[in-house]
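Visitor:
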Amino acid sequence: MSTPPTLVLVHGAWHGTWCWQPLIEQLPGLDVRTVALPSSGQDPAALGGLYDDAEMVAKAIADVGGPTVLLGHSYGGCPVTEAAAAAGNVERVIYLSALMQDVGDSVLSLVGGAYPPYWDVHEEPQGHADHGYFEAAQASHVLYSDVEPHLAQQAAARLSHQSLASVTQPLTQAAWRTIPSTYILCEHDLAIPLPLQEAMATHAQRTVRLQSGHSPFLSKPAELARILRQQLVPQPPQR
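Residue numbers for the sequence shown follow this note's numbering, beginning at -15 and rising by one.
1) Assuming Q226 contacts A139 under a Cβ cut-off of 8 Å, what Cβ separation, rounded to an integer in Å, is found between them?
2) Quick test of the definition: if touching needs 3 or more C-beta pairs under 8 Å, does the stretch 73 to 81 touch the stretch 89 to 103?
3) Just to confirm the assignment, what range does the alpha helix (DSSP H) spanning D86 have?
4) If we ignore side chains and look at the alpha-carbon of each, how far apart do H134 and A123 end up?
5) I'd like to know whether the C-beta atoms of L212 and P200 end up nearer to each other than 8 Å.
6) Which residues does DSSP pair with V(-6) in a beta bridge?
7) Are the stretch 19 to 36 and the stretch 46 to 66 in contact at 8 Å, needing three or more beta carbon pairs?
8) Could you give the DSSP three-state label for R223: helix, strand or coil?
9) What residue range does the beta strand (DSSP E) around I176 cover?
10) Please report the distance separating the alpha-carbon of P154 from that of P101.
11) Would you tell me roughly how many angstroms separate the C-alpha atoms of I176 and Q26, rounded to the nearest one?
12) Could you tell me the alpha carbon to alpha carbon distance between V53 and R210, rounded to whole angstroms?
13) Pull up the distance between the alpha-carbon of S129 and that of G197, whole angstroms please.
14) What do you get for K43, buried or exposed, if any count of 16 or more other CB atoms within 10 angstroms of its CB means buried?
15) Under a three-way DSSP split, which group does I163 fall into?
16) Measure the alpha-carbon distance for C170 versus G56 and round it to whole angstroms.
17) DSSP three-state label for Y128, please.
18) Could you have a look at Y99 and say whether DSSP puts it in helix, strand or coil?
19) May I have the straight-line CA-CA distance separating S58 from L174, to the nearest angstrom?
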């Protein structure tokens, strides 16, 4: 039996690599790696943008060297889409209720140019769109709607700042145009509405539906792990 590809996990806005631990525990026997995005952090003055995030993802891909499957959750789909396009060893990109935009699109343009209501935005006095940061308001409700309350509270307490540059800088490459992709639809997501997920998922070769909120790596790690194992096995493309 051939060795499965390495799975690289890329977190979304406000999060860190800590969020993947319950999922990783459900994936014994696999080479699973995580990427810490510089656009998320405790010091607002030290946050990177989308391109800094993409650079970190590209480094993780290069460090693997061999066959790789990338998974981006939520905002994590953006640096994954940017970075994987130029990589030669990425076999598949998985979008977990993730933003799956095209060249020239930013997160902000994808959501209509207005900040979502659950973003607590702190712009610099000059009002530059690519400066400042934002935090997650109502995190337990929006991000962790189906997560066990105590775990949701713990996760919300660990959230950090997110740079505005990460959501205003546009993509210059789109990996899904040249690399096979899967979109995992989280059907009860309160952060990225299902109709928006479904619209983006039309770009993907495969789609999978999961009865979960925005963060199944915390609410349904075993079920998500089962789906990911299936995606690591070569299959005919299907929608």
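Just so you know, even glycine gets a beta-carbon here, dropped at the ideal spot from N, CA and C.
Guide: Working from what's here:
1) Residue 226 lies beyond the residue range present for the chain, which begins at -15 and ends at 223; the question has no answer from this structure.
2) no
3) It is not in any alpha helix (DSSP H) - D86 carries neither H nor E in the DSSP assignment.
4) 13 Å
5) no
6) V19 and G56
7) yes
8) Because R223 sits at a pLDDT of 47, beneath the cut-off of 50, its placement in the model cannot be relied upon, and the point is left open.
9) Note, I176: premise wrong, no beta strand (DSSP E); not H, not E.
10) 22 Å
11) 24 Å
12) 15 Å
13) 6 Å
14) exposed
15) coil
16) 13 Å
17) coil
18) coil
19) 12 Å
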